[in-house]
Amino acid sequence: MSRALESTGRPIIYAMCNWGEDASWEWASEIADTWRIYGDIITRYDGYDSRCPCGPSDRYNCTNLGHHCSVARVLEWAAPLSQYGGREQGGWNDLDMLEVGNGNMTYDEYVTHFSLWAILKSPLILGSNLPNMTPDELSIVTNREIIRINKDPLGVSARLRWKRDLKTGGDLQLWAGPLENNGHVVALLNNSPGPLNITFTLGDILAASPLQKGPEMVWQMLDLWSPREPASHKGPSVFLRSSEDISVALRSHQTQVWRVKPVSPLQLGSTS
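Numbering (the numbering used here), first residue to last: 4 to 275.
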């Protein structure tokens, strides 16, 4: 198929689907533009289903990647594979279609689903009936700032920086990745059954940034899911030094996403 498409001389995207069998993420970039990495998704946020039996530890010996895979289970599988998809790698990991609008998930779960697919640079393919979507559901899949993250020219997938298991069940996850012009995307996911309050610093997340090697940086954090200004489609922003604490309250299964970019102390002073 790859050779046949190439022989046409036309720009055609080849989206390969073998559900991740034979560790396709390691070799599919030689023949395809995108490649599925796991079993078929279902419109459910979490939970185990015997029809989707394989976990991350099985990724090199699973013979039945299955179907009825929840959003959380797809993310769990995708987390250690993010290094295999990106512009430099020659193509993109495909986490399967988006289920926003198909029911059985809350607004926060839909936001998490769309956000993580976007920052992992998965193709954003809607698998729902657009005329039947509610205004809230349409607002999720048309969030321009989140789509901009997905289409960022640098083309680098976010990675799971840490995951903290919680005594109450579930976990807290922090994802981050580089963007063009020394920017970063940061996403904090409450993957637990109850609300959480969390405090962290940008220095913990951006330690690998070359800008962190010099004097302490000032960063602008643009909130990509808070109510946005109609004209700009942008949410509120704050200016922080690397060492300053960031406190966030998250509902169950809620994800908060920020675009982070460096600014000068002069810019910081002019915003006050």
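No residue lacks a Cβ here, since even glycine has one placed at the ideal position from N, Cα and C.
A residue is called buried when at least 16 other Cβ atoms come within 10 angstroms of its Cβ; Ile208 meets this threshold and is buried. In the structure shown, Ser131 adopts coil according to DSSP, grouped into three states. When C-alpha distances from Pro156 are compared across Leu182, Leu101, Ile201, the shortest belongs to Leu182.
Here Val260 is not near Ile150, since their CB atoms are 9 Å or more apart. Distance check between Gly42 and each of Trp30, Ala35, Asp61, Leu129 places Asp61 closest, using alpha-carbon atoms only. In the displayed model, Asp25 falls within coil according to three-state DSSP, outside both helix and strand.
Remark: C-beta atoms of Gly186 and Arg162 do not approach each other more closely than 9 Å. Put simply, the segment 50-67 does not touch the segment 117-136. Fewer than three CB pairs are less than 8 Å apart. Within the model, the alpha-carbon separation for Glu33 versus Gln92 is close to 9 Å. Two segments are said to touch when three or more pairs of C-beta atoms, one from each, lie closer than 8 Å; by this definition the segment 35-51 touches the segment 62-70. Residue Asn96 holds the alpha-carbon nearest to the alpha-carbon of Glu29 among Ala75, His256, Asn96, Glu9. Secondary structure at Gln223: strand, using DSSP grouped into helix, strand and coil. One Cα belongs to Pro239, the other to Arg262, and the distance between them is close to 11 Å. Between the alpha carbons of Val266 and Val221 lies a gap of roughly 6 Å. Asn200 is bridged by DSSP to Ala252. Note on Asp25: under 16 other CB atoms within 10 angstroms of its CB, so exposed under the neighbour-count rule.
Counting only the Cα atoms, Asn107 lies some 6 Å from Arg47. Note on Lys170: under 16 other CB atoms within 10 angstroms of its CB, so exposed under the neighbour-count rule.
Our two residues, Leu98 and Gly130, have alpha carbons roughly 12 Å apart in a direct line. CA-CA distance, Leu191 to Asn132, rounds to 29 Å.
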